[in-house]
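Residue numbers for the sequence shown follow numbering that gives the first Met the number 0, so the first one is 0 and each next one is one higher.
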Amino acid sequence: MPWGDWINDLPTAFFMVVHIAAFALGAGFAWQAFKRELTLLGTAFSLFALAELTYMTYHLDWTVFLFAHTIAEVFDLVAFVAVFAAAVLQVAAARRPLHEAR
């Protein structure tokens, strides 16, 4: 028996609650980012929320695990890169006036 097999004993509702909560956080953060015109960050959080929806397709028996997991991981990876890019662009924009003043 592989380690962690006990998680299979949890009901589907548990996983749905986890993914719905994560989706709500991602969608909420995306909403706030777009309201502040932080488009790249809003896109990143939207991709995270989309990944959570994709994970849910497995728990609803709409897709097989590896398909849902692979697609969700791609969304998460692109979201992670977008968050990093948004942070770098924010720091670069904040530092630009410092370098121009010299």
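We treat Cβ as the ideally placed atom computed from N, Cα and C, and that holds for glycine.
- Can you give the beta carbon distance from PHE28 to PHE13, rounded, assuming they're within the 8 angstroms contact cut? Within the sequence shown, residue 28 is the residue found at index 29, counting from 1. Within the sequence shown, residue 13 is the residue found at index 14, counting from 1. Distance from PHE28 to PHE13 at the Cβ level is roughly 23 angstroms; contact not present, criterion being Cβ atoms closer than 8 angstroms.
- Task: Note down, one range per segment and in chain order, each alpha helix (DSSP H) of at least 4 residues found wholly within the segment 23-61.
- Result: For the segment 23-61, the full-length alpha helix (DSSP H) segments reaching 4 residues or more read 38-58 along the chain.
- Do VAL82 and LEU49 have their CB atoms nearer than 8 angstroms? As a working mapping, residue 82 is identified with position 83 in the sequence shown. As a working mapping, residue 49 is identified with position 50 in the sequence shown. For the 8 angstroms CB-CB criterion, VAL82 and LEU49 do not form a contact.
- Could you tell me how far apart the beta carbons of ALA102 and THR53 are, in whole angstroms, since I believe they sit closer than 8 angstroms? The displayed coordinates of the chain run from 0 to 101. Any statement about residue 102 would go beyond what the structure contains.
- How many Å lie between VAL80 and VAL17 at the Cα? Against the sequence shown, residue 80 aligns to sequence position 81. Against the sequence shown, residue 17 aligns to sequence position 18. Note on geometry: alpha-carbon atoms of VAL80 and VAL17 lie some 23 angstroms from one another.
- Message: What does the Cβ neighbour count give for PHE74, buried or exposed, with the cut at 16 atoms within 10 Å?
- Response: The residue labelled residue 74 in the question sits at position 75 within the sequence shown. PHE74 should be labelled buried.
- Message: In whole angstroms, give me the CA-to-CA distance for ARG94 and GLU72.
- Response: Here residue 94 corresponds to residue number 95 of the sequence shown, with the count starting at 1. Here residue 72 corresponds to residue number 73 of the sequence shown, with the count starting at 1. Using only the alpha carbons, I get a separation of about 33 angstroms.
- Query: Is it true that the CB of TYR57 sits closer than 8 angstroms to the CB of PHE64?
  - Reply: For the purposes of this step, residue 64 is taken as residue 65 along the sequence shown, with counting starting at 1. For the purposes of this step, residue 57 is taken as residue 58 along the sequence shown, with counting starting at 1. Yes. Within cutoff.
- From LEU37 to ALA84, what distance separates their C-alpha atoms? On the sequence shown, residue 37 is found 38 positions in, with the first residue counted as 1. On the sequence shown, residue 84 is found 85 positions in, with the first residue counted as 1. Distance between the alpha carbons of LEU37 and ALA84 is about 12 angstroms.
- Item | Cα-Cα separation between MET15 and ILE70, rounded to whole angstroms | To locate residue 15, count along the sequence shown from 1; it is residue 16. To locate residue 70, count along the sequence shown from 1; it is residue 71. The alpha-carbon separation between MET15 and ILE70 amounts to approximately 18 angstroms.
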